[in-house]
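Participant:
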Amino acid sequence: MDFGDFHPYVYYATRYPFSKGQTSSNRISYASALYLISEGRGVIQTCNRSYETAAGSFVYIPAGQLHHWIADGDEPMVHVCCYFDWTYVDRRAEFTNPSIICFDAGSLRPSLIGPSFPYSIPEHVKVEKVRLWIDFFEKFYTDNHFTNERTYIRNLKIQSSFQQFIEFFLTFALKDEHFPDPRMNKLLERLDQDLVHGNLQPLVTYYSDLRISRGYFFELFKLATGLPPTQYVIQFRINRAKDDLRFTDLSVTEIADKHGFTSIHYFSKLFRKLNGRSPREYREEYREGQ
1242 MDFGDFHPYV YYATRYPFSK GQTSSNRISY ASALYLISEG RGVIQTCNRS
1292 YETAAGSFVY IPAGQLHHWI ADGDEPMVHV CCYFDWTYVD RRAEFTNPSI
1342 ICFDAGSLRP SLIGPSFPYS IPEHVKVEKV RLWIDFFEKF YTDNHFTNER
1392 TYIRNLKIQS SFQQFIEFFL TFALKDEHFP DPRMNKLLER LDQDLVHGNL
1442 QPLVTYYSDL RISRGYFFEL FKLATGLPPT QYVIQFRINR AKDDLRFTDL
1492 SVTEIADKHG FTSIHYFSKL FRKLNGRSPR EYREEYREGQ
């Protein structure tokens, strides 16, 4: 999956209570599914693996994976669940409901199976503070219908709540190396705001509150952005300068000054290093291509 397309989209979310001893048929969901067992007990079987579930069990089933459920005969489980894709898949022409489930593997249409997530997500984990997870789900409960002109505004709110939930879920489910230090999010938000407003502070200002060394800050910063802090700032300013080269008649000198470069020579040197040509050449190539 291209992370540029990454935009999780929930189609259906609800609460489903099982009856005593109820067994679901083997099924394959075209979308990915998340199940939180809020109470009761049961078993899920998938790909020759079997998990006993109880309150606090959290199960992830990727799109296209065969599975079925068996509820306990005395304390049947209750699912708080959702069906979603990691990026939106339009199945409206083929199905009447968005979270369609296939009960016959022979009739499965592989081209309509939703995308997989690029990192390994555990199938079964145990969560604490079950009420907190239920509260997340309840904010994006939605019926199993495609969005239309009457439900569009409500769907915006549902998707917004689901995005917050997915951030919470992935932070919980994935290993640390897949995510930057959470402290960096707030720091980068402040840094970007200062860059936009032309109010960049010395780097020590941004990491002093974290009470970490300069070296460790540089390490965390590169893990979060792929660049050292100084290079990040330069790249940010160069990208803004490229907009002005393309869309304004400001001189190169004016653009260099506007974006905080100490001289046109320094600006041109950095620009050529990052883009393989001078600012003037970049401008000319763009305009010739229009």
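The numbers in this note's numbering rise by one with no breaks, and the one at position 21 of the sequence shown is 1262. Ideal placement from N, C-alpha and C gives every residue a C-beta, glycine not left out.
What is the DSSP secondary structure of K1367, reduced to helix, strand or coil?
Facilitator: Counted from its first residue, the sequence shown places residue 1367 at position 126. K1367 carries a strand assignment under DSSP once its states are collapsed to helix, strand and coil.
Participant: Which of the three DSSP states is assigned to P1469 in this structure?
Facilitator: If you number the sequence shown from 1, residue 1469 lands on position 228. If DSSP states are grouped into helix, strand and coil, P1469 belongs with coil.
Participant: Pick from G1262, E1280, F1512 and G1305: whose alpha carbon is nearest that of P1351?
Facilitator: By 1-based counting over the sequence shown, the position of residue 1351 is 110. Minimum Cα distance to P1351 is reached at G1305.
Participant: Between which two residues does the beta strand (DSSP E) holding F1325 run?
Facilitator: Walking along the sequence shown from the start, residue 1325 turns up at place 84. Note, F1325: beta strand (DSSP E), V1319 to D1326.
Participant: From V1300 to G1467, what distance separates their C-alpha atoms?
Facilitator: To locate residue 1300, count along the sequence shown from 1; it is residue 59. To locate residue 1467, count along the sequence shown from 1; it is residue 226. G1467 has its alpha-carbon roughly 32 Å from the corresponding atom of V1300.
Participant: Taking DSSP as the reference, what is the three-state secondary structure of G1283?
Facilitator: As a first step, residue 1283 must be located in the sequence shown, where it is residue number 42. Strand at G1283.
Participant: Could you check whether F1403 and P1249 sit closer than 8 Å to each other, using their CB atoms as the reference points?
Facilitator: As a working note, residue 1249 is residue 8 in the sequence shown. As a working note, residue 1403 is residue 162 in the sequence shown. Using a Cβ distance threshold of 8 Å, P1249 and F1403 count as a contacting pair.
Participant: Ordered along the chain, which non-local residues of its own chain (more than five positions away) have a Cβ less than 7 Å from that of T1471?
Facilitator: Taking the sequence shown and counting its residues from 1, the one referred to as residue 1471 is at position 230. Counting only Cβ-Cβ distances below 7 Å, and skipping sequence neighbours, we find nothing.
Participant: With three or more C-beta pairs closer than 8 Å as the rule, is the stretch 1284-1304 touching the stretch 1390-1405?
Facilitator: No: the two stretches stay apart, fewer than three of their Cβ pairs being nearer than 8 Å.
Participant: Between R1256, F1488, Y1527 and R1518, which has its C-alpha nearest T1383's C-alpha?
Facilitator: Taking the first residue of the sequence shown as 1, we reach residue 1383 at position 142. Here the closest residue by C-alpha is R1256.
Participant: If I measure Cβ to Cβ from Y1488 and keep anything under 6 Å in the same chain, skipping five residues before and after, which residues do I get?
Facilitator: As a first step, residue 1488 must be located in the sequence shown, where it is residue number 247. The sequence given here has Phe at residue 1488, not Tyr. Here the set comprises nothing.
Participant: In whole angstroms, give me the CA-to-CA distance for R1481 and Y1447.
Facilitator: Residue mapping note: residue 1481 aligns to position 240 of the sequence shown, counting from 1. Residue mapping note: residue 1447 aligns to position 206 of the sequence shown, counting from 1. Going from the Cα of R1481 to the Cα of Y1447 covers about 22 Å.
Participant: Hey, out of L1511, I1407 and G1283, whose CA is closest to K1483's CA?
Facilitator: Position 242 of the sequence shown, counting from 1, holds the residue named residue 1483. The candidate whose alpha carbon is nearest that of K1483 is L1511.
Participant: In the DSSP assignment, find the beta strand (DSSP E) that holds L1307 and state where it starts and stops.
Facilitator: The count along the sequence shown starts at 1 and reaches residue 1307 at position 66. Note, L1307: beta strand (DSSP E), L1307 to A1312.
Participant: Check E1293 in the structure and name its three-state DSSP category.
Facilitator: As a first step, residue 1293 must be located in the sequence shown, where it is residue number 52. It is a strand residue.
Participant: Go through its chain and collect everything with a Cβ distance to Y1276's Cβ below 6 Å, but skip five positions before and after it.
Facilitator: By one-based count along the sequence shown, residue 1276 stands at place 35. For Y1276, where only same-chain residues beyond five positions count, the Cβ hits under 6 Å are V1300, H1320 and C1322.
Participant: Only counting the same chain, and skipping five residues up and downstream in sequence, which positions put a Cβ closer than 8 Å to that of A1346?
Facilitator: One-based indexing of the sequence shown puts residue 1346 at position 105. N1267, I1269 and L1307.
Participant: From V1251, F1247, L1515 and R1528, pick the residue whose C-alpha is nearest to that of L1397; which is it?
Facilitator: Counting from 1 along the sequence shown, the entry for residue 1397 is found at position 156. For the residues V1251, F1247, L1515 and R1528, the minimum Cα distance to L1397 belongs to V1251.
Participant: Under the assumption that L1353 contacts E1335 (Cβ atoms under 8 Å), give the Cβ distance between them as a whole number of angstroms.
Facilitator: In the sequence shown, counting from the first residue as 1, residue 1353 sits at position 112. In the sequence shown, counting from the first residue as 1, residue 1335 sits at position 94. L1353 to E1335, Cβ: 6 Å. Contact.
Participant: Here's the rule I'm using: 16 or more other beta-carbon atoms within 10 Å means buried, otherwise exposed. How should R1518 be labelled?
Facilitator: Position 277 of the sequence shown, counting from 1, holds the residue named residue 1518. A residue is called buried once 16 or more other Cβ atoms fall within 10 Å of its Cβ, and R1518, having fewer, is exposed.
Participant: Looking only at its own chain, which residues have a Cβ that is under 6 Å from the Cβ of I1342, when we skip the five neighbours before and after it?
Facilitator: Walking along the sequence shown from the start, residue 1342 turns up at place 101. Closer than 6 Å at Cβ, skipping near neighbours: R1268 and S1270.
Participant: Taking the continuous beta strand (DSSP E) assigned at R1256, which residues delimit it?
Facilitator: In the sequence shown, counting from the first residue as 1, residue 1256 sits at position 15. Start and end: Y1250 to P1258.
Participant: Excluding sequence positions up to five away, which residues of its chain have a Cβ less than 8 Å from the Cβ of S1534?
Facilitator: Coverage of the chain is limited to positions 1242 through 1531, which leaves residue 1534 absent and any answer about it impossible.
Participant: So, helix, strand or coil for D1354, using DSSP?
Facilitator: For the purposes of this step, residue 1354 is taken as residue 113 along the sequence shown, with counting starting at 1. Correcting the residue type first, residue 1354 is Ile in the shown sequence and not Asp. Coil at I1354, not helix or strand.
Participant: Per DSSP, V1300 is paired with what?
Facilitator: Stepping through the sequence shown from its first residue, residue 1300 is reached at position 59. Looking at the DSSP assignment, V1300 forms a beta bridge with Y1276 and H1365.
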